[in-house]
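Quick note on our numbering: the sequence shown kicks off at 117 and runs consecutively.
Step one of this worksheet: look at the structure below.
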Amino acid sequence: MEDQGMRLDQNYSNRKGIMGGTFAPIHNGHLALAMCAYRQFHLDSVLFLPAGNPPHKQIRRDGASDRQRLDMVKLAIRDYPQFSLDAEEMKRDGLSYTKDTLIRLSRGEPDTEFYFIIGADSLMAFDTWYHPEIICEHCRLAVAVRDGLDMGVIRQKVCELQKKYNASVCIMNMPEINLSSTELRKRCREHQSIQAYVPEAVRSYIENHRIYGI
């Protein structure tokens, strides 16, 4: 594990990861990423935070409903005592921003150090997020770097974010996982099996509720 910009100026009694996303649907790659962060950063828990109406990825209304996405996350994490669900983003009116979520969580748990789990692609686009400086005040960025990515480019971006926002960035190494929710929805529409890619309870839920064109 490579650590960049770790803050040492505050003591915390708890470490919590945050897994945000639309989870449409949640799949084994999400669970593997959360478990990787949990183990590498010695987290006490990981919070799954399904997005309600994110500005960068509008929820398609012809797919799963908010309730169905929540149900699928619950089913996917039910056998993981270290994982939990926060449904607050679903209740918001208007757009949902990461900085508002982190402010809410930090106020509710002032003794918790938060690790916001993202991919390297999100790290490279971090300057385009809404108030990145506020995000960096309330969490460390836990970045999953997959095989084949140029670590020189990643390190350069980390240094840039440290200088601009005093960002604290933790790098975790992930095995290559060629899996996306977009591809799973496509497989469902084409009536192909998704059994190998999602927990069995999630696969059964999708079929029973005839989601994603099944």
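Ideal Cβ positions, reconstructed from N, Cα and C, are used throughout, including at glycine.
None of the values given here were measured: they were computed from a predicted structure.
Beta bridge counterpart(s) of Ser-200 as assigned by DSSP: Indexing the sequence shown from 1 puts residue 200 at position 84. For Ser-200, which the question treats as bridged, DSSP gives the partners Leu-163.
Measuring only the C-alpha atoms, how far is Ser-297 from Phe-157? Residue 297 sits at position 181 when you count from the first residue of the sequence shown. Residue 157 sits at position 41 when you count from the first residue of the sequence shown. Their Cα atoms are separated by approximately 26 Å.
Identify, in the order they occur along the chain, each residue of the same chain with its Cβ nearer than 7 Å to the Cβ of Ile-322, setting aside the five sequence neighbours on each side. Indexing the sequence shown from 1 puts residue 322 at position 206. These residues qualify, in order along the chain: Pro-141, Cys-304, Tyr-328 and Ile-330.
Neighbourhood of Asn-334 by C-beta distance below 8 Å, restricted to the same chain and skipping five residues each side: In the structure displayed, the chain extends from 117 to 330; residue 334 sits before or after that span and is not available.
Is it buried or exposed for His-331, if we count other Cβ within 10 angstroms and need 16 for buried? For residue 331 there is no data in the structure shown, the boundaries of the chain being 117 and 330.
Asn-130 lies in the beta strand (DSSP E); which residues open and close that run? Indexing the sequence shown from 1 puts residue 130 at position 14. Segment 130 to 137, the beta strand (DSSP E) holding Asn-130.
Please look up how many angstroms separate the CB atoms of Met-206 and Gly-168, rounded, as I've assumed it's under 8 Å. Position 90 of the sequence shown, counted from the first residue, corresponds to residue 206. Position 52 of the sequence shown, counted from the first residue, corresponds to residue 168. Indeed, because the Cβ distance is near 5 Å, the residues count as touching under 8 Å.
Return the chain-ordered ranges of every alpha helix (DSSP H) run that is complete within the region 180 to 229 and spans a minimum of 4 residues. 182 to 193 and 214 to 224
Taking Cβ positions, are Cys-275 and Ala-258 nearer each other than 7 Å? On the sequence shown, position 159 is the one that residue 275 refers to. On the sequence shown, position 142 is the one that residue 258 refers to. Not closer than 7 Å, so no.
Select from Ile-233, Lys-215 and Asp-187 the residue whose C-alpha is nearest the C-alpha of Ala-260. Within the sequence shown, numbered from 1, the residue matching residue 260 stands at position 144. Minimum Cα distance to Ala-260 is reached at Ile-233.
Shortest alpha-carbon distance to Ala-148 belongs to which of Gly-235, His-325 and Thr-214? Mapped onto the sequence shown, residue 148 falls at position 32. Ala-148 has its Cα closest to that of Gly-235, out of Gly-235, His-325 and Thr-214.
On the criterion of 16 or more Cβ atoms from any shown chain inside 10 Å, does Cys-292 qualify as buried, or is it exposed? As a working note, residue 292 is residue 176 in the sequence shown. Here the sequence assigns Glu to residue 292, which means Cys is not the residue at that position. Its Cβ having fewer than 16 others within 10 Å, Glu-292 is exposed.
Using CA coordinates, which residue listed in Tyr-154, Pro-248, His-143 and Phe-139 is at the minimum distance from Arg-131? If you number the sequence shown from 1, residue 131 lands on position 15. Out of Tyr-154, Pro-248, His-143 and Phe-139, Tyr-154 has the C-alpha closest to the C-alpha of Arg-131.
Which residue or residues does DSSP assign as beta-bridge partners of Ile-234? The count along the sequence shown starts at 1 and reaches residue 234 at position 118. Answer is Val-259.
Exposed or buried, which one is Lys-273 when buried takes at least 16 other CB atoms within 10 Å? Walking along the sequence shown from the start, residue 273 turns up at place 157. Buried, since its Cβ has 16 or more Cβ neighbours within 10 Å.
DSSP three-state label for Asn-144, please. By one-based count along the sequence shown, residue 144 stands at place 28. Note: Asn-144 maps to helix in three-state DSSP.
Residues near Arg-177 by beta carbon distance below 6 Å, same chain, minus five either side: Counting from one through the sequence shown, the residue named residue 177 turns up at place 61. Confidence in Arg-177 is poor, its pLDDT being 46 and thus under 50, which makes the residue's placement too unreliable to answer from.
Hey, how far is the Cα of Gln-311 from the Cα of Gln-184? The sequence position of residue 311 within the sequence shown is 195, counting from 1. The sequence position of residue 184 within the sequence shown is 68, counting from 1. Approximately 18 Å, taken between the alpha carbons.
If you drop the 5 nearest sequence neighbours on each side, which residues of the same chain put their C-beta closer than 6 Å to that of Arg-262? Here the question's residue 262 lines up with position 146 in the sequence shown. The residues are Met-290 and Glu-292.
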